[in-house]
Amino acid sequence: MTQDYKEDKIQYEGKLLNRTLKYIIPHKKKFIQAFFFMAFTVAFDLLYPFLTGLSIDLMTNDAYSFNDKMVILGIAVVVLLIVQAIAQFISYKQQLILSKIGLDITDSIRQEVFIHIEKLSIGQLNEIPVGKLLTRATNDPNAISEMYTNVIINLIRNFVYLIAILIALYIINWYMALIVSILIPIVLIAAIIFKNASRKAYRNVRNSITDVNAFLSENLSGMKVTQIFNQEEKKIKEFKERNTKLRKNYISEILVFGIFRPFIYFLSMAGTILTIVAGLEAMKDMTLTVGIFISFYLLVGQFFEPIQQISEQFNALQGGFSSAEKVFTILDTKPTVTDHEEAIEMEEFSGHIEFKNVWFAYEEDNWVLKDVSFEVKPNETIAFVGAT
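Quick note on this note's numbering: the sequence shown kicks off at 399 and runs consecutively.
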């Protein structure tokens, strides 16, 4: 393997994001539009708990007659339906914009990878498995595109949503919000630990998938050779080793997510219990109405929902980073054979070939041709005979 190609070169996430930004910049106006739509959907999601709590307080207020309460309830239902319809339409427009951006990003990365692969020398292409090159030009660009058009957008939305809910909780009742905030440091610590563990687990899975794909690509195309030399048992053993490694890495990844998800659910239940206990005490002291308590309760439930979604999106995010690492490893591989800047393009060939003292090696110091000299004149035929 040449020194220019380093498999699975690990890069920092910040560096990876900076390098992939060049694919995003041409679509920055559309991204701004998508973020604008995202802000609207966050605002609409926050309206539901407030309108619900306000409706309950108005319905339980003895100052209004039964007919007035029915009118208020009807207005609240209509407003909620209108808000929901607008939110769904905006969400549709946002998804449409992001889908188009995703297709453009995938196309740009795939074109760049393919063009660069064509520039690599024959020796380099012989060292990199065909299956890996195929994955770099197909699956990995899709994962990078998904990282920007789906994962990162939703992560930003969820973080904004969390902050907005936290502000709303403090506006409704700062004392109850302070009690619920006790859980936030625990969530942050768990998220940091999970982030590091999930990236390692996901990278191992992606590497194993690439190894299996590369093995299948090479062996399926060379199956005739395997059968001619009666190497079926050997290849089956090699495939089992790769497949077992992939299975173990999948199990490790499942264990990481299997611990984090229930833990976040446990914290959400703890937050709900704290809300109920603090809310009942406040209502006993007549410092909290039923409607405000319901609004607070609904917001606390929504607070832990994006945290759960963030945990789900970590998987895809790590996939994007892992794919970016692999794509940039290929793009950073410098061709060992390049055309001279002042090279003269040959327009006609005479058909007369002469080799003088030719040395050639796929790997350094492992010479295949050693000081070879021969001449092939027009209408002559020459044959090379060797082990391969």
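Cβ coordinates follow ideal geometry from the N, Cα and C atoms, glycine included.
Remember, predicted model here, so these are calculated numbers, not experimental data.
Bounding residues of the beta strand (DSSP E) (the contiguous stretch that carries Phe772): In the sequence shown, the residue the question calls residue 772 occupies position 374. First-last of the beta strand (DSSP E) with Phe772: Asn764 to Val774.
Across the segment 679-695 and the segment 441-458, are there enough close Cβ pairs to call them in contact, namely three or more that are closer than 8 Å? Touching, per the Cβ criterion.
Residue ranges of each alpha helix (DSSP H) run of no fewer than 4 residues wholly in the segment 537-594, ordered along the chain? For the segment 537-594, the continuous alpha helix (DSSP H) assignments of 4+ residues that do not extend past its boundaries occur at 537-544, 551-570 and 572-578, in sequence order.
Asn755, enclosing beta strand (DSSP E) - first and last residue: Counting from one through the sequence shown, the residue named residue 755 turns up at place 357. Its beta strand (DSSP E) spans residues Ile751 to Glu761.
Quick check on the burial criterion: 16 or more other C-beta atoms within 10 angstroms. Buried or exposed for Met574? In the sequence shown, the residue the question calls residue 574 occupies position 176. Buried, by the Cβ-count rule.
My guess is that Leu471 and Tyr462 are in contact by the Cβ rule of under 8 Å, so how many angstroms apart are they, rounded? Your numbering for residue 471 matches position 73 in the sequence shown. Your numbering for residue 462 matches position 64 in the sequence shown. At roughly 11 Å, the Cβ-Cβ gap does not stay under 8 Å, so Leu471 and Tyr462 are not in contact.
Could you check if Lys530 is buried or exposed, using at least 16 other CB atoms within 10 Å of its CB as the buried criterion? Here residue 530 refers to the residue found at position 132 when the sequence shown is read from its first residue. With at least 16 other beta carbons inside 10 angstroms of its own, Lys530 counts as buried.
Per-residue DSSP class, three states only, for Met399: In the sequence shown, the residue the question calls residue 399 occupies position 1. Note that Met399 scores a pLDDT of 42, beneath 50, so its modelled location is shaky; the value from the coordinates is reported in the next line. Judged by DSSP in its simplified three-state form, Met399 adopts coil rather than helix or strand.
Thinking Glu511 and Leu767 are a contact (beta carbons under 8 Å), I'd like their distance in whole angstroms, please. Counting from 1 along the sequence shown, the entry for residue 511 is found at position 113. Counting from 1 along the sequence shown, the entry for residue 767 is found at position 369. For the record, residue 511 in the displayed sequence is Val; it is not Glu. Here Val511 is actually not in contact with Leu767; their C-beta atoms are around 31 Å apart, not less than 8 Å.
Output the residue ranges of the alpha helix (DSSP H) runs that lie fully inside the segment 409-492 and measure 4 residues or longer, sorted by chain position. Those alpha helix (DSSP H) runs which fall completely within the segment 409-492 and span 4+ residues are 411-418 and 426-457.
Pull up the distance between the alpha-carbon of Tyr403 and that of Ile526, whole angstroms please. Within the sequence shown, the letter at position 5 stands for residue 403. Within the sequence shown, the letter at position 128 stands for residue 526. Annotation note: pLDDT 49 at Tyr403 (below 50); position unreliable, coordinate value reported separately. Separation of Tyr403 and Ile526 (C-alpha to C-alpha, rounded to the nearest whole angstrom) is 9 Å.
Straight-line CA distance for Met436 to Ser650? Against the sequence shown, residue 436 aligns to sequence position 38. Against the sequence shown, residue 650 aligns to sequence position 252. Looking at the two C-alpha atoms, the distance is approximately 35 Å.
DSSP state of Phe702, grouped into three classes? Taking the first residue of the sequence shown as 1, we reach residue 702 at position 304. Reduced to three states, the DSSP call for Phe702 is helix.
Residue range of the unbroken alpha helix (DSSP H) whose run includes Asn647: Here residue 647 refers to the residue found at position 249 when the sequence shown is read from its first residue. In this chain, the alpha helix (DSSP H) harbouring Asn647 covers Glu630 to Lys682.
Measure the Cβ-Cβ separation of Gly699 and Thr670 and say whether it is below 8 Å. As a first step, residue 699 must be located in the sequence shown, where it is residue number 301. As a first step, residue 670 must be located in the sequence shown, where it is residue number 272. Against a cut-off of 8 Å, the Cβ pair of Thr670 and Gly699 comes out as a contact.
Grab the span of the alpha helix (DSSP H) containing Thr533 for me, first residue to last. Taking the sequence shown and counting its residues from 1, one reaches residue 533 at position 135. Element bounds for Thr533: Val528 to Ala535.
Collapsed DSSP secondary structure at Asp737 in the structure displayed: If you number the sequence shown from 1, residue 737 lands on position 339. Asp737: coil per DSSP, three-state reduction.
Under three-state DSSP, which class holds Phe613? Within the sequence shown, residue 613 is the residue found at index 215, counting from 1. Three-state result, Phe613: helix.
Measuring alpha carbon to alpha carbon, tell me which of Thr642, Ile554 and Glu616 ends up nearest Ser606. Here the question's residue 606 lines up with position 208 in the sequence shown. If you compare the alpha carbons of Thr642, Ile554 and Glu616 with that of Ser606, the shortest gap goes to Thr642.
Measuring only the C-alpha atoms, how far is Ile591 from Val585? Against the sequence shown, residue 591 aligns to sequence position 193. Against the sequence shown, residue 585 aligns to sequence position 187. So the two alpha carbons sit approximately 10 Å from each other.
What do you reckon, are the CB atoms on Ile499 and Lys427 nearer than 8 Å? The count along the sequence shown starts at 1 and reaches residue 499 at position 101. The count along the sequence shown starts at 1 and reaches residue 427 at position 29. If you check the CB distance, Ile499 and Lys427 do not come in under 8 Å.
Span of the alpha helix (DSSP H) around Gly521: Taking the sequence shown and counting its residues from 1, one reaches residue 521 at position 123. Per DSSP, Gly521 belongs to the alpha helix (DSSP H) from Ile520 to Glu525.
In terms of alpha-carbon separation, which member of Ile690, Asn556 and Asn537 lies closest to Asp443? Sequence index remark: in the sequence shown, residue 443 carries index 45 (1-based). Nearest C-alpha to Asp443 among Ile690, Asn556 and Asn537: Asn556.
Give a yes or no on whether 8 Å exceeds the smallest Cβ distance from Asp769 to chain D. Absent from the structure: chain D. Only one protein chain is present.
Taking 8 Å as the limit between beta carbons, can you name the residues of its chain near Asn552, skipping five residues before and five after? For this step, residue 552 is matched to residue 154 along the sequence shown. Gln707 and Gln711, listed in sequence order.
Considering only their Cβ atoms, is the gap separating Val774 from Ile751 smaller than 8 Å? Taking the first residue of the sequence shown as 1, we reach residue 751 at position 353. Taking the first residue of the sequence shown as 1, we reach residue 774 at position 376. One thing to note: Ile751 has its Cβ within 8 Å of the Cβ of Val774.
Could you check whether Gly689 and Ile454 sit closer than 8 Å to each other, using their CB atoms as the reference points? Here residue 454 corresponds to residue number 56 of the sequence shown, with the count starting at 1. Here residue 689 corresponds to residue number 291 of the sequence shown, with the count starting at 1. Yes, they are a contact pair.
Is the segment 563-578 touching the segment 616-627 in the sense that three or more CB pairs, one from each, lie closer than 8 Å? With the cut-off at 8 Å, the segment 616-627 and the segment 563-578 do not touch.
Identify, in the order they occur along the chain, each residue of the same chain with its Cβ nearer than 6 Å to the Cβ of Leu496, setting aside the five sequence neighbours on each side. As a working note, residue 496 is residue 98 in the sequence shown. The beta carbon of Leu496 sits closer than 6 Å to the beta carbons of Ala432 and Thr547 from its chain, once the five residues preceding and following it are set aside; these are given in chain order.
Counted within 10 angstroms of its Cβ, other Cβ atoms place Gly451 as buried (16 or more) or exposed: Residue mapping note: residue 451 aligns to position 53 of the sequence shown, counting from 1. Burial is judged here by how many other beta carbons sit within 10 angstroms of a residue's own beta carbon; Gly451 has at least 16 and is buried.
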